[in-house]
Structures are given as C-alpha cells and as structure tokens.
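**Student:**
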Amino acid sequence: MFVMGGTFPLSYVRITCTGQGAVVSTDPSILDFGRVKVLEEKKMNFELINDSPIPTQFARESQDNSSWIMEPEFGDLLPHESKTITIKVFLVNGGVYKDKIMLSVIDSRTIHVDVKVIGYGCSVVFTPQIFPVFDWGLLFSHQHINRTITLMNRGTLEYQMIFINEPDVRFRRGQLVSTKSSKFKVEPQIVQIPAGETREINCRLFWEVNEHVVEKWYVYGQLQDAGKRELIDTSSFTIKLTEPYIVFNKKMLEFRVDRCPTEDKLQQTDELIVTNQSNLDLNVTLSTKDPFYLVTPKKKHVQTMKLVLVDKISTKITIFFSFDTNGNNCYSRSYEEVLLFEYREHPNRDKIICKGYVNYPNILIEPNDFIINCELGCSGEKILTLTNNGPISVVYKFLWLENSIEIKRERPVKLECPGCPSEEQLESKKEILAVTETSEEPCVSDRQNGSGNEGQAPPVNSPVSEKQETMDENPDINNHPELKQGIRQFLLEIVEQYYEKDDDLIVLQNMNDDPPQVDYINEVLQIIPNEGTVLPYSMQQVYVGFHGFEWLQIKATAVCQILRGPTENVHMFARADNVRYDIDNDVIDFGQQLFLQRQRKCVTLKNICTITFDFEIRDGVKFLDDEFNLRPLKIEPVNGCVNPESSVQFQVDHIAMTLGRIDHHFQLEIAHLMPIMIKIVAYGVFPQVYPCIPKGKLHQHHSIELEYSAIQSMTDFVDNTVEKMAAQKKNDLFEIDMDILAAEEWCVISHEETFPRTMDIDMAVERLCAKKFIDENSYILMQHNTIQKKEPIPQLFSCEYIIDMKYVIIERIAHYSANIINYGPWIVNIRMKTVGKRDHLGKRGIVVQLMKNTNVSVGDYAVLQVTWYPTQEKFSEKATNVKHTIYIEVSHGCTIPVTIKGIVTYPYVTVNTKFLDFQDVVVGECLVLNILVKNE
Numbered sequence: 040m041f042v043m044g045g046t047f048p049l050s051y052v053r054i055t056c057t058g059q060g061a062v063v064s065t066d067p068s069i070l071d072f073g074r075v076k077v078l079e080e081k082k083m084n085f086e087l088i089n090d091s092p093i094p095t096q097f098a099r100e101s102q103d104n105s106s107w108i109m110e111p112e113f114g115d116l117l118p119h120e121s122k123t124i125t126i127k128v129f130l131v132n133g134g135v136y137k138d139k140i141m142l143s144v145i146d147s148r149t150i151h152v153d154v155k156v157i158g159y160g161c162s163v164v165f166t167p168q169i170f171p172v173f174d175w176g177l178l179f180s181h182q183h184i185n186r187t188i189t190l191m192n193r194g195t196l197e198y199q200m201i202f203i204n205e206p207d208v209r210f211r212r213g214q215l216v217s218t219k220s221s222k223f224k225v226e227p228q229i230v231q232i233p234a235g236e237t238r239e240i241n242c243r244l245f246w247e248v249n250e251h252v253v254e255k256w257y258v259y260g261q262l263q264d265a266g267k268r269e270l271i272d273t274s275s276f277t278i279k280l281t282e283p284y285i286v287f288n289k290k291m292l293e294f295r296v297d298r299c300p301t302e303d304k305l306q307q308t309d310e311l312i313v314t315n316q317s318n319l320d321l322n323v324t325l326s327t328k329d330p331f332y333l334v335t336p337k338k339k340h341v342q343t344m345k346l347v348l349v350d351k352i353s354t355k356i357t358i359f360f361s362f363d364t365n366g367n368n369c370y371s372r373s374y375e376e377v378l379l380f381e382y383r384e385h386p387n388r389d390k391i392i393c394k395g396y397v398n399y400p401n402i403l404i405e406p407n408d409f410i411i412n413c414e415l416g417c418s419g420e421k422i423l424t425l426t427n428n429g430p431i432s433v434v435y436k437f438l439w440l441e442n443s444i445e446i447k448r449e450r451p452v453k454l455e456c457p458g459c460p461s462e463e464q465l466e467s468k469k470e471i472l473a474v475t476e477t478s479e480e481p482c483v484s485d486r487q488n489g490s491g492n493e494g495q496a497p498p499v500n501s502p503v504s505e506k507q508e509t510m511d512e513n514p515d516i517n518n519h520p521e522l523k524q525g526i527r528q529f530l531l532e533i534v535e536q537y538y539e540k541d542d543d544l545i546v547l548q549n550m551n552d553d554p555p556q557v558d559y560i561n562e563v564l565q566i567i568p569n570e571g572t573v574l575p576y577s578m579q580q581v582y583v584g585f586h587g588f589e590w591l592q593i594k595a596t597a598v599c600q601i602l603r604g605p606t607e608n609v610h611m612f613a614r615a616d617n618v619r620y621d622i623d624n625d626v627i628d629f630g631q632q633l634f635l636q637r638q639r640k641c642v643t644l645k646n647i648c649t650i651t652f653d654f655e656i657r658d659g660v661k662f663l664d665d666e667f668n669l670r671p672l673k674i675e676p677v678n679g680c681v682n683p684e685s686s687v688q689f690q691v692d693h694i695a696m697t698l699g700r701i702d703h704h705f706q707l708e709i710a711h712l713m714p715i716m717i718k719i720v721a722y723g724v725f726p727q728v729y730p731c732i733p734k735g736k737l738h739q740h741h742s743i744e745l746e747y748s749a750i751q752s753m754t755d756f757v758d759n760t761v762e763k764m765a766a767q768k769k770n771d772l773f774e775i776d777m778d779i780l781a782a783e784e785w786c787v788i789s790h791e792e793t794f795p796r797t798m799d800i801d802m803a804v805e806r807l808c809a810k811k812f813i814d815e816n817s818y819i820l821m822q823h824n825t826i827q828k829k830e831p832i833p834q835l836f837s838c839e840y841i842i843d844m845k846y847v848i849i850e851r852i853a854h855y856s857a858n859i860i861n862y863g864p865w866i867v868n869i870r871m872k873t874v875g876k877r878d879h880l881g882k883r884g885i886v887v888q889l890m891k892n893t894n895v896s897v898g899d900y901a902v903l904q905v906t907w908y909p910t911q912e913k914f915s916e917k918a919t920n921v922k923h924t925i926y927i928e929v930s931h932g933c934t935i936p937v938t939i940k941g942i943v944t945y946p947y948v949t950v951n952t953k954f955l956d957f958q959d960v961v962v963g964e965c966l967v968l969n970i971l972v973k974n975e
C-alpha cells in the first residue's frame, strides 16, 4: 500500500487464491413484473455474465407448479461472455406471486434470480369477446333474437360471474335485485363456473322500433371463498335494427281479356321485378287468390310460393290471370286481388294490386222500361240512349219478342184493315223481325255499315184520315161475313168425324178477325235504327215511334241482341187516348186574409184518361217588387205530369199585399188544350180596435171627402158582416105601438133601413187611411215582412185620442178609465209600447195600465186605466200644464196614440180684504161685515 505522494510502501497485503470454477453473476438479480393481467403472458430479461476466463455451463433447477418459464433453460457460457435470459410469466389466478429462479453453474456456486408479480383480472374466457362492445350486427326488428355467450374458467378456483345493467349490485334475501328495466335479457344473470369447466349464458332481444339499440352491462366476478366482488369490465350490447326494404318496379299488375265481335284479345300474363335493398337476405312467402296465379320456374300455376330474396339481387315474378270464357255470363266485370309478400324475418307485409278486366260487348239502354203516351190521331216517340262504356265495339240488333206482345183495342181491327201492311209493304219495311226466346244471334253480314238504318227519319204525326181512306178503298172485303161463315161451316163438316167437339182447332183459330200481332205492332211501333254499331266509349240514340191511329194499348218486349254479348230486354207500354181531366175548383176564395200573412189553399187536378199528360202553371209566381223580393202568389208544383187515374194537388200560397179586395188569376196549361183560367179572390184586412176615448182634431190627417168615401165603402161591409144578425131580426113592434110612437113624434127605423154606427164609420175611415198609407209607402212591406208575429205594422198610426183630466189637485188621486173594443175580425193582442229607460209618466205621478186579458176576442174589450197622483215634491208651482202621449200597439194592426193632458194645481183662494174693522158695536146688536172669497 502506498501513500499518495510517497515513494515507499507503508504495509503489505498478501493475496491467496484457491483454484475453483468460473465466476458467474446476473444483472439484474431481481425481476419485478409489476401488475399482470391473468391469462396474459409477460416477458422480462436478465443478463447472465461469465466474469472468468473459464468456460462453463448453466441450467435451471426444476421447480414444481411454477408460473415462470425461462428461455433458454440451459446452455454454455464462454469466458467473459454475457447471455440474455428471458423469463415469461402466465397467470391463471390473480394475486401476489414471489419466487426464485435457481440456476446451477458447473464448478461454481448456484445463483438465483428473485422474481415477483401481482396478478389481476378474471380467469374466465368469454366467447365471443364482449368487451368493450358486444355487437350483434344488423338484424330485422319485430323478431326474437338470441345470442349465446360461452364462459370458460381457466383458473384453478371456482368463479362466480354476475351480469347486471346497473353499476351497483344489490341482493335481497339471496336474490339479485335490479331496479332498472333492461332492453336485452340475460339468463342466468348469476353463474357459477368451476375450475376448468365451461358455462353458457343466453342473451335475448325483442324490439319493435327500427333503430340503433345500445345498452351498457356490468360484469362482476368473485373467486370462491373470497369475500371481495370486483368489477371485471363493462360491455356495450349494441344492435342495429331495420325492416325489409323491397323495391318493386310496379305498384299494380293489370290483365285484360277482350271478347271482341270478331276475335279475342288476351293479356293474361304480367311480370313483377323485385329487388331486395334491405342489406340482408329475406325468406318470402308469396300468395294470391283466384283468378290470379303465380307461375313457378317449372311453369306451374300455384297460389302460394316461397322465395329467398338475396340482398342487392333482382328477382322476376310472373303472375297469370286465369278466366273461363265458356261461361254463360256475358257481362263485363273486373277482378281485384293482391299479391301478398310475407316475410319470415319480419311482420311487415307488402301488397301489389292485381286487377283483371274481362270485357264483353255490353251496352246500357236507358230507359229499358218506359211508357209512350199518345193522343188519338197523333204520334209519340221515346228516345233510347245506347251507352257503350267499354273498350269494345258493340254490334246490336233489335227484335220483337213475339210471345210478349199484348194488344188491347176498343174495337177489333179487321184482317184486311188498312192499318195492316200489305205484302209489298212487308217486303219494303223489314226494320224489325219477330223472334222467340231462343232466337239466334244476329249475323255480321246482315247488318249495315256501322249503325243500321240511319237514313230513316223518326216517326211523325199520322192523321187518322189516311186510315179512313184506306178502309173506303176495300168495301167489298169488309162486307162479306157470309163468305167467312160458309168457309167455317165447310171446314167443320170435314173434320167433324174426327174431332166432333173440338172447337179450338188451329185451322179455326187462324180464321180470327185480328191480324197477326207482329205485323200489326210493326205498323204502330217502330224502332229506328233497329241495328247498328256503338263504338267504344260512345253513345247512340235510337227512336221508338208510336202511331196512335185509334184507342190502343200495347205491351211488348223488344230484345236487343248483341254479337258475342248478352241479350238486353226493353219493356215498353204504348197507349193512345184523348186527354180528359177534372179540376175540383176554378175559383179559390181566401176570404178575409190578414195583411202580409201567408195562407194556403189546395186545388186538385185529376187525370181521368188512360194516358199521361203534362201540365204547366203560367203567371203563377208574381212579384210585388223586385227590390223586396215579395211573392204575393206562389203555386207548387209549377209543372209536371199526371199519370192515368191519378191526381196532383196544387198548393196555392197567397199573401195579402194590400187592404181591401184582391183579385189574382193564373193559367193552367194541360197538354195542348186551351189553358184554364183559375181565379183567386181575397179580402185584405188588419185587426182594428176602437178606443172609447174622445178624438183629437178632426180632419187633421184626412179630408171630409175621405169620410164620405168610407161611408160609401161600408154598404157591402155592413150588410154582410156587422149588421148581418140584426137584419135577420123581425119587427117585434105591434101596429098599436107604432101608432103611439108616431103620435109622440118618434121616428121608427125598420130593419131594412140599417144605418151604420159611429164606430163603423170611424173604423171605415181608419181602413181607408191605412190602405192609402200602405199604397204610398211600399217599403213598409219589406219591414213588416221581417218583424215578429205580434208586432204592429211599422209607422202605421191611427188618429189621436185625448184623455183630458182637466184640473188635478196636488196630493189628490185622479182616475180615468176607458174601454178599448176589439172591432175584429180576429182576436188581437193589445199592449202598451215600452217607454225605455226614462219613465216620464212616472216622474209626473201618472200610472197607465191595461186591465183584463190583453188577448181580446172580437166584440170584447180591454180596460185602459189612468191614475194620476201629483205630489208637492214634483210640482211646486200653483198650476202646471202636463201633456204626455202613450202608444197602444195592436198586433198586425196600427199603433194608437193616446194623449194624456191636464193641469196640476193647488187649492188657492183670495179675499178682498185682510182686515175687518167692526168699530163700535152696541151690546145686544149684531153687526155683519162681508168678506169676498174668490177661487183662483
């Protein structure tokens, strides 16, 4: 040993070396793996260093149940060599693990490396992996979806797993409690997994909404006999739900079968292209109903078929429309069903409408049951409309149904009658042929081009004189009944030995006087044109003419045969007769009618002939004024027709637009006859009352001439109404009494010399004034037409009546009463007109009342009472003139002004002196002085 700075050693150290093997060391000597998740491998390295010049070998000593793996476990170590050794750890259970890795070195000491690790996590393996997301993928909603999770415990201890959808785990009485409802269902939620074994958990979902469903689940684990439960991890259960999305190239499949007159046109097959755009394959069940069928790949017709619609692939589906054309139903019709798509994976269903049309030649005949009315000697017609509402042309032909013809005449027509056609006429007039029910269809070659006999005009009027002329030309044929009787007797003798008692032989029946029905009906009934063609979606008119040569009734059925179509029947009833009618009244008397009130009467028109006739009312609706739109006369119905042996009732509404006599008339036109003039008579009146009160100034509102006119107008009124009962009384005075009265200068008036009363004259004047007012103020009609029923006529006032109370003393009550007589002609409602908010009469102490019932009968009366009680508070002056007017309203009549007037005064007297001086008065004498008292 040397000291620094010195040159000589201070001491000496002896080194002794004993020979042995290589010197080996590790770097580092401790390996700390830290936290390692179970079932996961982790590596760490250390250096094995040979610090000697001697080569050596190393090897790991064996250790039981070690979790550590060393690579390499043995090898050579050259002098001064360093080798990297890898240590792997793989834990199946959690916990803290410490150990030593022992390395033996040849010819050297055993060295060791300390290792330690902390294991955490779960030793259970999830298949499929659910952490952090358990994705179920894209699926269809509205179906039960199941998924299975396999749990394998690779640890050495039993493990308990808990699945819950909330962060906290709660148990109640040994049962897991969940306070939150879950979308996904996990069963079982608690599972025990022994070491080295496997368990399964089922997850289910049923969701009806097409959306992205996400729910968070918490997975807890606990080792056997370990009190601590730990959260292993959280998993987001997620799924995307959708619905089938199928794209169709058509929304409707249409099929068509046309039964044309010449050939059939068929369109019985249609194709549908279906493309699956759902991003998933679909299992589809197709179904339809008769008469539609699905065509399989083997060309079979079925009504149910299953298909798999591959995603993003288009599929062609063929539909066939089956229809039996051999049926007896020849009317066009349509069928509608649906092609139904039902999916196994989803409840949604798609529908494609299938429409099939079977078109026959059809026409609509309007009307198909009708009556032709014709007057004798004229012709009538009916227009038939043939409507083709289909896409096929219709070839038709009209024929008579022979067994349906019924002819009824007033007298039989001879066989050789001029109304029957001759052989030449039958050859030239072949418009209509008679057939039976089983006649054949018309042939196309028998028709004219298009629409038959278009050149022939509709029937026109045929005079009866032509028939008479024809009858006169063949007098010999009609006047030989002996010839017919002889032929009949001759034939009876021939067949008598075979048919002794058979009088109904066909040969005898053919000797009937009547002509053949077919020939006769062709003469009086004609259908023009009787054959033709109606183009698709068009109309054509056919004329049916009837010639009324005589009184006649014909019932017949014409069949319209359609080529390759149904047979249509047209029923007709033709009749000819003279127009005869009866009307119950041609004068309608409304009598006395309230002014501006509606009244109704009825008139009956009866048809007493065998044909229908038309009627029309002329001048039946009259307007008083276009501005007011008032109708004094209204008749309903205005026009129409009357069937045989039936009647129609006319309702005549009349409004009295004026006062006095009213005359109207209207014309009733029946067929072509001369119009009937029907007269309407009425007498316009309004309710009148007569107050027994003095009138005001006379001739203020009318002249003396008007009074004379009123007296003149009373002649009929008095004789017919007011004094009718008095005029029927007999003279009950004896002749002696008459002499006595004459001697005393009495004037006796007999019942023949009736004089009107003052009341009658006043009421007559009021009527004339009211008529004049209404005629000059027509706007009153409009106002009165809109008022209530019990209101008076607006602005119509009678003459003024005055109640003169004269002098009324303060603090004294004055009374006045008067009768208001109902003059007629109806019950009236009498009331006081309201005065409004300001009661001027009450302020003056005046009270007016209408006593008794305000609905007053004719001849009865109501009592008007006036009470006046003036007080000192209301009247301070010695004398006050008071005048007020009240108004009495008569329903539907006039308004009566009544003026109440008087002088309110105090009792007031004056004297001529205020001092009496008697001067000296002698005892025993009487001295008298006078005082003059004057009533002021």
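Going by the numbering used here, the first residue of the sequence shown is number 40, and it counts up by one from there.
Built from N, CA and C at the ideal position, the CB exists for glycine as well.
1) Going by beta-carbon coordinates alone, are Ile-848 and Thr-944 separated by less than 8 Å?
2) From Phe-362, Tyr-396, Ile-392, pick the residue whose C-alpha is nearest to that of Arg-372; which is it?
3) Consult DSSP for Ser-121 and reduce its assignment to one of helix, strand or coil.
4) Taking the alpha-carbon positions, what's the Ile-852 to Tyr-908 distance?
5) For the putative contact between Thr-981 and Asn-84, defined by C-beta atoms under 8 Å, what is the C-beta separation to the nearest angstrom?
6) Just to confirm my understanding: we take Ser-478, look at its own chain, exclude 5 residues before and 5 after, and list those with CB closer than 6 Å. What are they?
7) Go ahead and pull the three-state DSSP assignment for Gln-102.
8) Mind listing, in chain order, the continuous beta strand (DSSP E) runs of no fewer than 3 residues lying wholly within the stretch 613-641?
9) For Val-351, which three-state DSSP category applies?
10) Looking at C-alpha atoms only, which residue of Val-948, Cys-965, Gln-834 is the closest neighbour of Glu-928?
11) Which residue marks the beginning of the beta strand (DSSP E) containing Gly-863, and which one marks its end?
12) Of the choices Asp-389, Val-728, Glu-250, Lys-345, whose alpha-carbon is the least far from that of Asp-899?
13) Beta carbon of Leu-423, beta carbon of Gln-580: below 8 Å?
14) What does the alpha-carbon distance come out to for the pair Asn-812 and Val-724?
15) Would you identify the three-state DSSP class for Asn-249, choosing helix, strand or coil?
16) List, from N- to C-terminal side, the beta strand (DSSP E) runs of 3 residues or more that fit wholly inside the stretch 374-405.
17) From Asp-658 to Leu-672, what distance separates their C-alpha atoms?
18) Going by the CB atoms, is the gap between Arg-193 and Leu-333 shorter than 8 Å?
19) How is Arg-298 classed by DSSP in three states: helix, strand or coil?
20) May I have the straight-line CA-CA distance separating Met-291 from Arg-388, to the nearest angstrom?
21) Would Leu-425 and Val-598 qualify as a contact pair, given that the criterion is a beta-carbon distance under 8 Å?
22) Could you tell me which of Ile-285, Asn-185, Asp-320 sits nearest to Cys-242, measuring between CA atoms?
23) Look up His-741 in the DSSP assignment and say whether it is helix, strand or coil.
24) Tell me whether the beta-carbon of Ile-656 lies closer than 8 Å to the beta-carbon of Gly-735.
25) Check each candidate in Pro-730, Pro-733, Asp-702, Thr-596 and name the one with the smallest Cα separation from Lys-718.
26) So, for Val-681: in the same chain, excluding its five sequence neighbours on each side, which residues have a beta-carbon less than 7 Å away from its beta-carbon?
27) Between which residues of its own chain and Gln-199 is the CB-CB distance below 6 Å, once the five residues before and five after are set aside?
28) Cα separation between Val-573 and Asn-249?
29) Run through DSSP, which three-state label would Cys-808 get?
30) Tell me whether Phe-957 sits in a helix, a strand or coil according to DSSP, three-state version.
31) Which whole-angstrom value describes the C-beta separation of Asn-868 and Thr-893, a residue pair presumed to lie in contact below a C-beta threshold of 8 Å?
32) May I ask you to report which of helix, strand or coil DSSP gives Gln-751?
33) Cα separation between Pro-575 and Gly-679?
34) For Trp-785, count the other beta carbons within 10 Å of its own beta carbon; 16 or more makes it buried, fewer makes it exposed. Which is it?
35) Considering Cα atoms alone, identify which of Leu-807, Val-618, Cys-369, Gln-638 is closest to Pro-605.
36) Once DSSP output is grouped into helix, strand and coil, what is the label at Ala-710?
**Tutor:** Concretely, from the data shown:
1) yes
2) Tyr-396
3) strand
4) Roughly 5 Å separates the two Cα atoms.
5) The question about residue 981 has no answer here: the residues shown for the chain are numbered 40 through 975.
6) Confidence at Ser-478 is low in this model, with a pLDDT of 40, below 50, so its placement is unreliable and no value can be given for it.
7) Three-state DSSP puts Gln-102 in coil, outside helix and strand.
8) 620-622, 626-633
9) The sequence shown places Lys at residue 351, rather than the Val named in the question. Lys-351 falls in the coil class under three-state DSSP.
10) Gln-834
11) 853-863
12) Val-728
13) yes
14) Per the sequence shown, residue 812 should be read as Phe rather than Asn. If you draw a straight line from the Cα of Phe-812 to the Cα of Val-724, it is about 14 Å long.
15) Coil at Asn-249, not helix or strand.
16) 388-398, 403-405
17) 9 Å
18) no
19) strand
20) 16 Å
21) no
22) Asn-185
23) coil
24) no
25) Asp-702
26) Leu-644, Asn-646, Thr-651, Phe-652, Phe-654, Val-687
27) Shown here for Gln-199: same chain residues with a beta carbon closer than 6 Å to its own, the five before and five after excluded, namely Gln-231, Gln-261 in chain order.
28) Their backbone Cα atoms lie some 57 Å apart in a straight line.
29) helix
30) Here Phe-957 sits in coil by DSSP.
31) 6 Å
32) helix
33) Each residue's alpha carbon lies about 36 Å from the other.
34) Trp-785 comes out exposed.
35) Cys-369
36) coil
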